[in-house]
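In the working numbering, the protein residues as written are 5 to 678.
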């Protein structure tokens, strides 16, 4: 397929690059060798060739730059030139474990595939998290931030069994290591394993970077679900991308005779890595596990007690992954019943032997379509999450609400499948009375008229913001325009931050706005008393930050265009508290969070995600974490102290801190963000 690209005629729509669907180990097994070597179709972009001889970065595109320096060997590996005519003619280099240039090609193909899947779901171009600028006089403090156009990627950065996203350097670092299998049949002992050749590890790590660009506070370990959510979400993206490989999908459906709840590659993550580290199977499996005493694979059974007891973030994250994958399987099984009835003359019982190829094709189409919708729901839901302190229950509500906005009539019962799978695992939102679809949808505000009184500031702002970004495609320019709309700098208009200051913080209207967003705008003493707030002479209680401002344009399955503006606001307070010998929590007061940290203090954050409908110019959802929530204060303090909560708590465990600050995880690790 060819297309015109500006003044350059006949620019290809895609760049085809050969790589592994999973990892090199499956190309050494007769049964899977043919389907593991696939061709990725990556959206075409002009790649720069070696723009910086010092760093020797190739390829360099719009979103990433690959720097193949190996610190352990002290050398740069020759860069691959994906613009070379012979490389283009062959659909990239041949898959090779020993060729660093192919490693670069593999990383590029998977990274760009994942990025584009995000953009299709979000309805906008992705942005990496800004780079903090350290103060010259104090490296631990920061003076603003700068735009990060490209994520730096190091395919051979570590000589260790690790790979991770570094949020401070805005970089992905992949390691390599000698295998130590538990069984000689599983892997060559001492053979080198490259994490940059695993689709699952690459997709997993870049998802951490993408999530950090949207919700930078999710890295903060405020309770077990935050780090676990990062892990689970990255696994979910990697898993559902398996279903975009047609040959792999057909092979696995034929092998399982359509039963994707049986052991299969599609539900497994990092097969080679897991076996090389001494496991008998993949590193993680969404639907089962290998019993290391017998070597047999056994399916998972939902256990509602696990969410209350599993605190290590990888193990806890696997609960969320299992819930989402079970919802997918439920929909898939229901949708293929009709095919099976037709194929079996109404009996519903498949005969022995191989499935008919046409039946395999139709089942594969249903599985692929279902997985793609699941992936879009999971990614799109990030816009419907609170900006801090996320829980699995929050994410369930976000998925239900996001899907309602896109699909009014849920004929295939995706939403019910999600609820059922979460309920089986004891995952319940804290602020709902029933686990019904209507109860889980976030509250809407159809009667809140933004044109009334002080809230009129939003109407013109939203309209201007939409017009300014409607046709802008450059990511840096999008960031510049967005920051100008927030701060008001370099434009002949009042910025959103200043509008909120003027219209809400110093007026009685602040109470209404603060209540919607779970914020604390004390204003003057009379306004505080009227709105039920405790008056404080400290101005820091009113300080807040606009974390994100996004324009999202999405097309629903019935071809309707949904235009939203997503606004995230956060506040922080210094909390002083204590727990006595009897385990009783006491709130002792507040302190300036930028000042010295008292022995009994910690920084507590609240905030909200406001979603505006540009068609009606109305606030649609206000998804909040209240800055004045005493229950959350207590929960977070107990968690950070490593103390047990009451018996029915699902938040805390005495080993929690060890799980967060202990040794690096196998799959990846990343330092805490300032």
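From the three backbone atoms N, C-alpha and C, an ideal C-beta is built for every residue, glycine too.
- Judged by DSSP in its simplified three-state form, residue 77 adopts coil rather than helix or strand.
- Residue 551 places its beta carbon 8 Å or farther from that of residue 390.
- Residue 354 and residue 268 have their C-alpha atoms spaced approximately 19 Å apart.
- Within the stretch 119 to 175, the runs of beta strand (DSSP E) at least 3 residues long that lie entirely inside it are, in chain order, 135 to 139, 142 to 150, 155 to 162 and 167 to 170.
- For residue 154, the closest of 182, 70, 581 and 44 by C-alpha to C-alpha distance is 70.
- Listed in chain order, the non-local C-beta contacts of residue 47 below 8 Å within the same chain comprise 17, 18, 19, 116 and 120, local neighbours out to five positions each way being set aside.
- Going by DSSP, residue 36 is part of no beta strand (DSSP E) but of the alpha helix (DSSP H) stretching over 34 to 40.
- Straight-line measurement puts the Cα of residue 346 at about 44 Å from the Cα of residue 199.
- Within the same chain, Cβ atoms closer than 6 Å to the Cβ of residue 630 are found at 522 and 610, the five residues on either side in sequence being excluded.
- Straight-line spacing of the CA atoms in residue 301 and residue 315 works out to 24 Å.
- Straight across, the Cα-Cα distance linking residue 350 with residue 339 is about 15 Å.
- Residue 238 sits close to residue 208, with the two beta carbons spaced by under 8 Å.
- As summarised for the stretch 313 to 379, there are no continuous beta strand (DSSP E) elements at least 3 residues long confined to that stretch.
- Membership of residue 401 in the alpha helix (DSSP H) is indicated by the continuous run 396 to 410.
- In summary, residue 187 is exposed, with fewer than 16 beta-carbon neighbours lying within 10 Å of its beta-carbon over all protein chains present.
- Apart from the 5 residues on each side of it in sequence, residue 230 sits with its Cβ closer than 8 Å to the Cβ of 222, 223, 224, 393 and 394 in its chain, given in chain order.
- Counting along the chain, residue 303 sits inside the beta strand (DSSP E) bounded by residues 300 to 303.
- Scanning its chain for C-beta atoms nearer than 7 Å, with the 5 sequence neighbours on each side dropped, one finds around residue 292 the residues 267, 301, 302, 303 and 304, in chain order.
- The beta carbon of residue 306 lies closer than 7 Å to those of 428 and 429 in the same chain, with the five residues before and after it left out.
- Ranked by Cα distance from residue 571, the first of 587, 504, 524 and 561 is 504.
- For residue 79, the number of other beta carbons within 10 angstroms of its own is below 16, and it is reported as exposed.
- Of all alpha-carbon atoms in 43, 259 and 602, the one lying nearest the alpha-carbon of residue 357 is that of 259.
- Counting only the Cα atoms, residue 481 lies some 21 Å from residue 213.
- When only Cα atoms are considered, residue 76 and residue 440 end up about 55 Å apart.
- Following the DSSP letters along the chain, one finds residue 213 inside the alpha helix (DSSP H) bounded by residues 203 to 218.
- For the options 274, 297 and 296, the alpha carbon positioned closest to that of residue 286 is the one of 274.
- Annotated three-state conformation of residue 63 is strand, per DSSP.
- According to the DSSP assignment, residue 252 belongs to no beta strand (DSSP E) but to the alpha helix (DSSP H) extending over 250 to 260.
- The three-state reading of DSSP puts residue 438 in coil, since its state is none of H, G, I, E or B.
- The Cβ atoms of residue 578 and residue 595 lie closer than 8 Å to each other.
- Excluding the 5 residues flanking it on each side, residue 173 has same chain C-beta neighbours closer than 8 Å at 156, in chain order.
- Rounded to whole angstroms, the gap between the alpha carbons of residue 423 and residue 243 is 20 Å.
- In the three-state scheme derived from DSSP, where H, G and I count as helix and E and B as strand, residue 20 is classed as strand.
- Nearest neighbour of residue 519 by Cα position, chosen from 632, 487 and 284, turns out to be 632.
- By the 16-neighbour rule on beta-carbons within 10 angstroms, residue 189 is exposed.
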